[in-house]
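A.B. asks:
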Amino acid sequence: MLFVTACTSSVQDYPTSPVTQAPVDLSGHWELNYGRSDQVNDRLQSLAREYRREQERQQRRTELDRRRGGPVFGSTPGRSFNSVLATARLADMITRSQTIEIAQQNPLVTVHREDDFSLVCDFTEAGEELVEDSLGTESCHWVGDDLVYLTRLPDGLHINYRFTLAPDTEQLRIATTVNAAGVAPFRLNKFYYRYKPLPQNFSCKFTLSRGQVCSKVGNK
Amino acid sequence: MITVSSADESTRLDVSIVVFRSESHQPTAYDPSDLNRIRGAETGYMPYVLRHHLEQSDVWGAIRVIPEHDESAELLLAATIVEASGLSLVLDVKATDATGKRWIDQRYTSTTTDDAYRLAAKGSLLFGDLYTAIGTDLAAILATTSTRDRDRIRDTSWLRYAGALIPDAFASHLSRTADGQYQLLRLPALDDPMVARINRVRAYEYLFIDTVDEQYANLYGEMTPAYNSWRKYDREQKLYLDNYRERIEQREKPKRGTFQALQATYNNYKWSKVQEQEAAMMANTLASELEPTVLDVEGSIVELSGSLDQRYAQWREILRELHLLESG
C-alpha cells in the first residue's frame with residue numbers, strides 16, 4: 128500500500144506532539160490525480176445504497192414493533208440524508224483545486240490552492256498555530272508525519288485537512304473531512320502527484336509604484 | 018543676555034526631530050517581518066513629513082531630522098508611532114527645549130477621509146491635519162516664549178553641547194534642578210578661544226546633520242508613491258472587511274444544515290481570508306520595494322555617524338588637552 132492508512136472518520140482533536148522542525152518536506156507543485164481521487168458521486172451513491180439498506184432495516188423493525196403492539200420509534204432519515212448530501216457538496220466544492228503549491232520554509236508551511244485561500248501554518252511558537260477570527264478559527268499541527276489543518280467555522284462546521292506524503296515523496300494525499308453539526312462526517316481523499324512547472328522566460332513581480340514589472344530570466 | 022551660540026542674530030529656535038520610534042502593535046494579518054520593515058521605514062519617513070510642515074509655518078530656525086537623541090538641541094521633538102495604517106495615524110509626541118522645559122507631551126490622532134487619497138495624488142499630504150496640529154501647538158507655545166527666554170534656551174543648548182565635549186571646562190556654567198531643568202549660571206567670555214573652537218565643531222556637526230537630513234529627504238521622495246498606494250489599499254481593504262462583516266450579520270441566513278447554509282458559512286470565511294492574504298501580499302510587496310532605499314539610507318547614516326563619532330573622539334581629546342594647557 129502506498130499510503131499509511133489514516134483513520135480520520137471525524138475531526139476530533141488529534142494527539143499531537145509539538146515540533147518545531149517539520150518531520151517531512153511537503154514543498155513543491157502538485158497536480159490532481161483524478162484516477163486515484165475519490166469522486167463525490169461514487170461516494171454518495173455508495174452512501175445512498177447504505178442509507179436505503181438502513182431505511183429498509185428500519186422499516187422492518189417498525190413493522191415488527193407495530194405487529195407486537197409495542198412503541199414505535201420512528202426517524203427522519205430523509206432529512207438526515209439531505210444533510211449528508213449538503214456536507215458532501217461542500218466537501219466537493221472545497222476540494223476542487225486542480226493544482227496546489229506548497230511552500231515550506233521552517234517555521235512556515237503555506238499551501239497555495241487554486242481558487243481558494245491559502246492554508247498557512249506558522250510553527251514559530253510551540254509547534255502549533257492557532258489563529259482566531261470572528262468568522263472562524265484555524266489551527267495547525269503535525270501528527271506523526273502528517274500535517275493537519277483544522278478550520279472551525281460558525282454553526283459547528285469543522286473542516287479538517289490532513290496532508291500525507293507518500294514514502295516515495297512523489298505523491299500527496301489530502302484527506303478533507305467536513306463535519307457539520309448533527310451529521311456524520313464526510314471525507315474525500317484527493318491524490319496529487321508532483322510536477323515540475325515549465326520554465327518561464329520572464330519573471331514578473333507586482334510593484335506598488337510601477338505595477339507589474341517583468342524581466343527576462345537570466346538577465347541581470 | 019549675550020548669546021554665545023553661533024546661529025544668526027534672529028531669535029528663531031532650531032528644531033531637531035529625532036527619528037520616530039514605533040510601538041505599533043495593532044493586530045494585522047501581515048507577516049511580522051514585513052510589518053517591521055514597513056515600520057522601520059515609517060520611523061524615518063514621518064519625521065521628514067513633520068519637518069516639511071514645520072518649515073511651512075516659517076517661525077523656526079533650521080529644522081533637521083536627526084538619527085539619535087540630541088540632548089543639546091534647542092528644541093527636540095520625539096515621537097512614537099502608536100498606530101499607522103491607511104485609515105488612521107496616531108502619534109505620541111514630546112517636545113522639550115534645551116532647558117528641559119516640556120513643550121508638548123500629547124497624543125495626536127488623525128483619520129483619513131474618502132477624499133484624502135484623491136487629494137494626495139495631487140500632492141496633498143496624507144494626515145496633514147495631524148502634522149498641522151503639532152505645528153500649531155508648537156507655534157502657540159513659541160508665541161508665548163519671550164525673546165529673553167529664547168536666548169536662554171539657545172545659550173543653554175550651546176553650553177550643554179560644549180559641556181558634552183569638554184565637561185571640565187563648562188560644568189560650572191549650568192546647574193540642574195531637582196525636576197531636571199537646566200539653569201544658566203554664567204556664560205563664557207565671548208573672546209574665550211574655546212568658544213570659537215566649540216562653534217567650529219558644532220558647525221561641522223550641522224554639516225553632518227544636513228548630510229544625514231538629505232538621506233531622509235531621499236527616503237521621503239523614494240518612498241512616497243509606493244507607500245501612499247499601499248496606505249490607500251490598506252484603507253480600502255479595512256473598510257471593505259468591516260463592511261463585509263456587517264453585511265454578513267445583516268444577511269438573512271439560509272436554513273441551518275442545508276448546503277446553502279454551509280456554503281455561506283464557508284464562503285464568508287473564505288472571502289475574509291482571501292482579503293487578508295491579499296493585504297499581507299501587498300505589505301510584503303511594499304516592504305520588498307522599500308528595502309533597497311531603507312538599507313541605502315541606513316547604510317549611509319551608519320557610515321556618516323561612524324566617521325563623526327571617530328572625529329568627535331579626536332576633537333574631545335584635542336579640546337581637553339587645549340583646555341588643560343590654557344587653564345594652566
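Sequence order for the protein chains is G and D.
Using the numbering used here, read the first sequence as starting at 128 and increasing by one per residue.
Using the numbering used here, read the second sequence as starting at 18 and increasing by one per residue.
Cβ atoms here follow ideal geometry from the backbone N, Cα and C, with glycine treated the same way.
Does the CB of K255/D have a neighbour CB from chain G at under 8 angstroms?
C.D. replies: By this cut-off, K255/D is not an interface position.
A.B. asks: Given that a residue counts as buried once 16 or more other Cβ atoms are within 10 Å of its Cβ, and exposed if not, what is V66/D?
C.D. replies: Buried, by the Cβ-count rule.
A.B. asks: List the residues that DSSP assigns as beta-bridge partners of L92/D.
C.D. replies: Beta-bridge pairing links L92/D to V32/D and D114/D.
A.B. asks: Counting pairs of beta carbons, one from the segment 78 to 88 of chain D and one from the segment 97 to 104 of chain D, are three or more of them closer than 8 angstroms?
C.D. replies: Verdict: no, contact absent.
A.B. asks: Contact criterion: CB-CB distance below 8 angstroms. Does Q280/D meet it with respect to chain G?
C.D. replies: Q280/D counts as touching chain G.
A.B. asks: Which residues bound the alpha helix (DSSP H) around Q166/G?
C.D. replies: Premise fails: Q166/G is in no alpha helix (DSSP H) and is neither H nor E.
A.B. asks: Do we get a CB-CB distance below 8 angstroms when we pair A243/D with the residues of chain G?
C.D. replies: Cβ-Cβ to chain G under 8 angstroms: yes for A243/D.
A.B. asks: In the DSSP assignment, find the alpha helix (DSSP H) that holds I215/D and state where it starts and stops.
C.D. replies: P210 to Q267 is the extent of the alpha helix (DSSP H) around I215/D.
A.B. asks: Whole angstroms is fine: what's the gap from L284/G's alpha carbon to L279/D's?
C.D. replies: Cα-Cα distance, rounded: 7 angstroms.
A.B. asks: CA-CA distance, M18/D and D168/D?
C.D. replies: Reliability fails at M18/D, whose pLDDT of 41 lies under 50, so the model's placement of it is uncertain and the value that follows must be treated cautiously. Straight-line Cα distance between these residues: approximately 7 angstroms.
A.B. asks: Comparing C-alpha positions only, which one of D282/G, V236/G and Y322/G sits nearest to S266/G?
C.D. replies: Nearest option by C-alpha distance: V236/G.
A.B. asks: Using three-state DSSP, classify K139/D as helix, strand or coil.
C.D. replies: K139/D: coil per DSSP, three-state reduction.
A.B. asks: Roughly how many angstroms separate the alpha carbons of P204/G and S50/D, rounded to a whole number?
C.D. replies: Caution applies to P204/G, whose pLDDT of 48 falls short of 50 and renders its modelled position unreliable; the model cannot decide the point.
A.B. asks: Where does the unbroken beta strand (DSSP E) through F250/G begin, and where does it stop?
C.D. replies: Note, F250/G: premise wrong, no beta strand (DSSP E); not H, not E.
A.B. asks: Roughly how many whole angstroms lie between the Cα atoms of E293/D and N53/D?
C.D. replies: Roughly 18 angstroms separates the two Cα atoms.
A.B. asks: How would you write the range of the alpha helix (DSSP H) that G61/D sits in, first residue to last?
C.D. replies: Where G61/D is concerned, the enclosing alpha helix (DSSP H) stretches over P49 to S74.
A.B. asks: For the beta strand (DSSP E) containing W157/G, list its first residue and its last residue.
C.D. replies: It spans G155 to L159 - the beta strand (DSSP E) in which W157/G sits, taken as one unbroken run.
A.B. asks: Quickly, what does DSSP pair Q298/G with across the bridge? List them, please.
C.D. replies: According to DSSP, which records beta bridges pairwise, Q298/G is partnered with Y320/G.
A.B. asks: Under 6 angstroms Cβ to Cβ from C331/G, same chain only, skipping five residues before and after it: list those, please.
C.D. replies: Excluding residues within five positions, the ones whose Cβ falls inside 6 angstroms are Q339 and C341.
A.B. asks: Against chain G, which members of the segment 303 to 334 of chain D pass a CB distance test of less than 9 angstroms?
C.D. replies: Taking 9 angstroms as the Cβ-Cβ cut-off against chain G, the residues of the segment 303 to 334 of chain D that qualify are L303, S305 and E306.
A.B. asks: Which residue wins for smallest C-alpha separation from F37/D, given the options Y47/D, D31/D and I55/D?
C.D. replies: Among Y47/D, D31/D and I55/D, the Cα nearest to that of F37/D belongs to I55/D.
A.B. asks: Taking the alpha helix (DSSP H) that T129/D falls in, what are its first and last residues?
C.D. replies: That residue, T129/D, is in no alpha helix (DSSP H); it is neither H nor E in DSSP.
A.B. asks: Please determine, among S33/D, L30/D, V32/D and E59/D, the residue with the shortest C-alpha to C-alpha distance to L303/D.
C.D. replies: Among S33/D, L30/D, V32/D and E59/D, the Cα nearest to that of L303/D belongs to E59/D.
A.B. asks: For T149/D, collect the residues of the same chain with a Cβ closer than 7 angstroms to its Cβ; drop the 5 residues on either side in sequence, then sort them by chain order.
C.D. replies: Result list for T149/D: H70, in chain order.
A.B. asks: How long is the line joining the alpha carbons of L177/D and R219/D, rounded to whole angstroms?
C.D. replies: It is worth fixing the name first, because residue 177/D is Arg in this sequence and not Leu. Their Cα atoms are separated by approximately 12 angstroms.
A.B. asks: Could you give the distance in angstroms between the alpha-carbon of E334/D and the alpha-carbon of R124/D?
C.D. replies: Going by the C-alpha atoms only, they are around 42 angstroms apart.
A.B. asks: Flag this pair as touching only if the segment 260 to 274 of chain D and the segment 228 to 244 of chain G have three or more C-beta atom pairs under 8 angstroms; answer yes or no.
C.D. replies: Result no; under three Cβ-Cβ pairs closer than 8 angstroms.
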